[in-house]
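Trainee:
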Amino acid sequence: MADDFPSRLPVPKDWSRRAKIGADAYAMKYRQSVEDPEAFWREELKRISWIKAPSQISDVSWTKDDLHIHWFADGVLNACANCVDRHLPECKDDIAIIWEGDDPADDARITYGQLYDEVRRFANALKAIGVKKGDRVTLYMPMVPEAAYAMLACARIGAVHSVIFGGFSPDSIAGRIEDCQSEFVITADEGVRGGKTIPLKANVDKALEKAKGVKAVLMIRRTGGKVGFTEGRDHWYHDVAKRVDLDCPPEPMEAEDPLFILYTSGSTGKPKGVLHTTGGYMVWASMTHEYVFDYRPGEIYWCTADVGWVTGHTYIVYGPLANGATTVMFEGVPTYPGPDRMWAVVDKHQIEILYTAPTAIRALERFGDEPVKKHSRKSLRLLGTVGEPINPAAWTWYHEVVGEKRCPIVDTWWQTETGGALITPLPGATDLKPGSATTPMFGVKPALVDAEGNFLDGATSGNLVITGSWPGQMRTVYGDHQRFFETYFATYPGLYFTGDGARRDEDGYWWITGRVDDVLNVSGHRLGTAEVESALVSHKDVAEAAVVGFPHDVKGQGIYCFVTLNQGVDGSPELSAELRQHVRQEIGPIATPDAIQFAPGLPKTRSGKIMRRILRKIAENEFDNLGDVTTLADPAVVDDLVANRKNT
Ligand code: WTA
């Protein structure tokens, strides 16, 4: 019942006293950031150590003929040196990374001094296998400190990393390697999650049967499991590391030199390589990490994401380390060995700031309060969420049970494309409303438009756009600048279209309502319906497929597939299981369909366009509300679809 949720929670007294940014400071700084961005950014860019400080602030054009986004363009810096070297004089013995293994008995603490050595060694190992400035290096890694070393080592020598989440299949790896013509892969023998091993090297081997251009594979030993080894191509990291020395000066990089590529799903076609560059991204990662979490050096901060996603890039590695933070890296899953694992880790490492995803909160809430209350959690001061809309019930459980009402929750809205948080509370400045991402970050100007692109004023809902650039904005789709324009700037000329719908309430607070395009958000993972459809139709028995999302209690959205089989093939539970397996193989376990419905025909307009609106209603179990079906070529197909709906 909506009435059970607090509608507005004021900033707790201890927070308004201690926070770097209180309500007045937020208002003042926000106003300055949008009215006089030059002055604002000239001050903020000082948080980064530049080899050559920039004199230029921004040069941005979002037009079709001249689409470019430049920030701090004449500055020179190195991202790795900002995350490591510069902290040494004062913080050499401070902990940079706390690693918590899948097995609760495994952990490690790495100081900034040790990180400096590890990263330089790794960087020289990369050079030893032939990696040069500008090369793309693919990472397919478990959540071990070496994943962070590898990313920072790339940044140190000016190579561009492309991290692929460990839950993707060999085919997905191959596609991403080919798309950015990556010649180097860093992986591990196996990963470990929830007590199970993941065959990382075996997946890479399979991927490389397809993707031919890879010259060298560098492999970390994690489990010691038996793996294939291709002479001349494969190298054990520990062997190469023995042969290299530690001396490795950071490469001076221009602000607009690429830092990384990260593949993400869109509404059409294959995943796109989102490209982020060095200067703007680092300023944005550092600034947002400091303000959103009110971070001060020495505090223990845990972001539960995987480095395979953007949240891991910005809020496990680059943001926290740029700020000299102690960042926790967790190899496992929240429910292993028991449903109290997260709270056990909080107590074990005395976590002060915890940043996780709504899907994890919902999954843990199902086990009740007992696993939470078994642990003290008294170190916690601040909670955060990211990745999908959080329903007020889950928000309230997180606030009342996990945080015992004393910890504010920062519900941070952002995207792979935005580099860091764009709409988010600041814990010492913003009154909270459960389910609302609240107010814009400095320099961010959100707006609502209708389908025709007219601006909508006041308390209303619409499509969420951003009206001006910010330093952390992606710069292009790797290798396809035209697609960059088409995807983000063609729908509403002059505006960045987020793909999300949102509501602005009477206080000006922002409520993200979810994607308005054909992108699904399954357990916080982005998936294009087109990707799942193309995986399904690549099966020999499938003639046609249409995929839609439906509300799912834990995952946020589940995957519902309507499948038309080839003539003469009959739908059966066995075939359904085979198709699920097929999609897992094509894309990865994160794309496993929740429901497959065999359908003799799909609802199409007379011009042959599939009417997804109707399919969504059927998947959502909302038959009374199918809307106008008279424009369909064959309205009778709908009756069959309704009659044969699968339970979800
Ligand atoms: C959704 C993850 C509501 C949104 C950082 C966005 C959210 C997509 C929130 C990007 C939030 C992310 N509230 N929705 N706090 N955060 N989203 O690229 O639909 O993996 O467009 O980046 O996740 O997902 P991505």
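Take the sequence shown: its letter number 226 is residue 226 in UniProt numbering, and every next letter is one higher. Built from N, CA and C at the ideal position, the CB exists for glycine as well. No experiment lies behind these values; they were computed from the predicted model shown.
1. Let's see if you can read the secondary structure: which residues bound the alpha helix (DSSP H) around N203?
2. If we call anything under 8 Å between Cβ atoms a contact, is Y263 one with A285?
3. For T498, which option in Q350, R233 and G468 has the closest C-alpha, if you only look at C-alpha atoms?
4. Would you call D500 buried or exposed, if buried means 16 or more other Cβ atoms sit within 10 Å of its Cβ?
5. For the region 474-560, list the alpha helix (DSSP H) runs that are entirely contained and at least 4 residues long, ordered along the chain.
6. Return yes when the C-beta of N463 is under 7 Å from any heavy atom of the ligand WTA, and no when it is not.
7. Excluding the five sequence neighbours on either side, which residues of its own chain have a C-beta within less than 7 Å of the C-beta of G213, listed in chain order?
8. Hey, F598 and L626: beta-carbon distance below 8 Å or not?
9. Name the DSSP bridge partner or partners of R366?
10. Using only the alpha-carbon positions, how far apart do V532 and V583 sit?
11. Would you say the region 469-483 touches the region 502-519, given that touching needs at least three Cβ pairs under 8 Å?
12. To the nearest angstrom, report how far apart G568 and I316 are at their CA atoms.
13. Give the secondary structure of A643 by DSSP, where H, G and I count as helix, E and B as strand, and everything else as coil.
14. Taking contact to mean 3 or more Cβ pairs, one atom from each stretch, closer than 8 Å, check whether the region 216-225 and the region 183-195 are in contact.
15. Suppose you measure from the CA of G338 to the CA of R8; what does that come to, to the nearest Å?
16. Since S58 sits in a beta bridge, which residues does DSSP pair it with?
17. Sort out for me which residues DSSP pairs Y140 with in a bridge.
18. Tell me the start and end of each unbroken beta strand (DSSP E) in the region 103-175 that is at least 3 residues and wholly inside, in chain order.
19. Where does V569 fall in DSSP's three states?
20. From the DSSP secondary-structure annotation, give me the bridge partner or partners of W15.
21. Using C-beta distances below 7 Å, list every residue in its chain close to D3, excluding the 5 sequence neighbours before and after it, in chain order.
22. Is there at least one non-hydrogen atom of the ligand WTA closer than 7 Å to the beta-carbon of V386?
23. Give the single residue among S523, R121 and W15 whose Cα lies nearest to the Cα of L152.
24. Using a Cβ-based criterion (distance less than 7 Å to any ligand heavy atom), does N566 qualify as near the ligand WTA?
25. On the criterion of 16 or more Cβ atoms from any shown chain inside 10 Å, does L246 qualify as buried, or is it exposed?
26. In or out: P297 buried (at least 16 other Cβ within 10 Å) or exposed?
27. Would the beta-carbon of I512 be found less than 7 Å away from any heavy atom of the ligand WTA?
28. Would you say P389 touches the ligand WTA, meaning its beta carbon is less than 7 Å from a heavy atom?
29. Can you list, in chain order, the residues of its chain whose CB lies under 7 Å from that of G588, leaving out five sequence neighbours each side?
30. Would you tell me roughly how many angstroms separate the C-alpha atoms of L321 and N203, rounded to the nearest one?
31. Can you tell me whether DSSP reads M611 as helix, strand or coil?
32. Beta carbon of V112, beta carbon of C91: below 8 Å?
33. Rounded to whole angstroms, what's the CA-CA distance from F165 to L275? Just pull it up for me.
34. So Y478 and G273 are in contact, right, with Cβ under 8 Å, and what is the actual spacing, rounded?
35. Leaving out the 5 sequence neighbours to the left and right, which residues in its chain are closer than 7 Å to H238 when beta-carbon positions are compared?
36. Please check the pair W302 and V328, which I expect to be a contact at CB under 8 Å, by giving their CB distance rounded to whole angstroms.
Mentor: Inspection of the coordinates gives the following:
1. Unbroken alpha helix (DSSP H) run through N203: L200 to K210.
2. In this structure, A285 does not lie closer than 8 Å to Y263 by Cβ.
3. Selection Q350, R233 and G468 evaluated against T498 yields G468 as nearest (Cα-Cα).
4. Answer is buried; the Cβ neighbour count reaches 16.
5. The qualifying runs are 481-488 and 529-537.
6. Not one heavy atom of the ligand WTA is found less than 7 Å from the C-beta of N463.
7. Excluding residues within five positions, the ones whose Cβ falls inside 7 Å are Q181 and E183.
8. Result no, Cβ atoms of F598 and L626 do not sit closer than 8 Å.
9. Answer is none; R366 lacks a bridge partner.
10. Rounded to whole angstroms, the separation of the alpha carbons of V583 and V532 is 7 Å.
11. Taking 8 Å as the limit for Cβ pairs, the verdict is that the region 502-519 does not touch the region 469-483.
12. Using only the alpha carbons, I get a separation of about 52 Å.
13. In this structure, DSSP gives A643 a helical state, which the three-state scheme calls helix.
14. At 8 Å Cβ cutoff, the stretches touch.
15. The alpha-carbon atoms of G338 and R8 are separated by roughly 34 Å.
16. W71, per the DSSP bridge assignment.
17. According to DSSP, Y140 bridges with T187.
18. Whole beta strand (DSSP E) segments, 3+ residues: 107-111, 136-140 and 160-163.
19. Per DSSP, reduced to three states, the secondary structure at V569 is coil, with no helix or strand assignment.
20. Note: W15 is not bridge-paired with any residue in the DSSP secondary-structure output.
21. Bear in mind that a pLDDT of 48 at D3, under 50, signals an unreliable position, so the model cannot answer this.
22. Answer for V386: yes, Cβ within range of the ligand WTA.
23. Sorting S523, R121 and W15 by C-alpha distance to the C-alpha of L152 places R121 at the top.
24. No - the ligand WTA has no heavy atom lying nearer than 7 Å to the Cβ of N566.
25. It is exposed - the Cβ of L246 has fewer than 16 other Cβ atoms within 10 Å.
26. The residue is exposed, with fewer than 16 neighbouring Cβ atoms inside 10 Å.
27. It does: the Cβ of I512 is within 7 Å (strictly closer) of some heavy atom of the ligand WTA.
28. P389 Cβ: within cutoff of the ligand WTA.
29. Residues of the same chain with a CB within less than 7 Å of the CB of G588, apart from the 5 flanking positions on each side, are G167, F168, S169 and S172 in chain order.
30. Taking the Cα positions, L321 is about 30 Å away from N203.
31. The three-state reading of DSSP puts M611 in coil, since its state is none of H, G, I, E or B.
32. According to the sequence provided, residue 112 is Tyr. The question's Val does not apply to it. Yes, Cβ-Cβ distance for Y112 and C91 is below 8 Å.
33. A straight line joining the alpha-carbon of F165 with that of L275 spans about 16 Å.
34. Sure, about 3 Å apart at Cβ, within 8 Å.
35. The answer, listed in chain order, is R221.
36. Here W302 really is in contact with V328; their C-beta atoms are around 4 Å apart, less than 8 Å.
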